[in-house]
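For reference, the structure is listed below as structure tokens.
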Amino acid sequence: MRSSLIGKIEKARRYAKEPGRVTLSGLTADFHGENAEHKVNYVDGKWSCTCDFFGQWETCSHVMALQEMFKQELPREALASLPED
Ligand SMILES: [Zn+2]
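Numbering (the working numbering), first residue to last: 25 to 109.
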């Protein structure tokens, strides 16, 4: 029992160094903005944010920040509104 758990821990450490193995299928975050708190979600392939800007533009600094933070873990389609470098 104990030795098999040790094996899993070692495997987990190896996996943790290979972020390409993980693609986030959804994301829920409390975003502490400069002026207010916002709820940001990526659900069923769509972003949402509770800030006013998002309501008009369907993206905002909070969504873009999360896209940048999780660039490697988010699926390609989740990065659509991220400006090219
Ligand atoms: Zn926002």
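Ideal Cβ placement from N, Cα and C applies to all residues, glycine included. Please read these numbers as outputs of a predicted model, since none were measured by experiment.
Return yes when the C-beta of residue i is under 8 Å from any heavy atom of ligand 1, and no when it is not.
| i | result |
| --- | --- |
| residue 56 | no |
| residue 94 | no |
| residue 87 | yes |
| residue 64 | yes |
| residue 47 | no |
| residue 52 | no |
Which of helix, strand or coil does DSSP assign to residue i?
| i | result |
| --- | --- |
| residue 35 | helix |
Between residue i and residue j, is the Cβ-Cβ spacing less than 9 Å?
| i | j | result |
| --- | --- | --- |
| residue 60 | residue 75 | yes |
Compare the C-alpha of residue i against each of the options and name the closest.
| i | options | result |
| --- | --- | --- |
| residue 45 | 87, 99 and 66 | 99 |
| residue 56 | 103, 96, 49 and 85 | 85 |
Taking the C-alpha atoms as reference points, what is the distance between residue i and residue j?
| i | j | result |
| --- | --- | --- |
| residue 36 | residue 62 | 32 Å |
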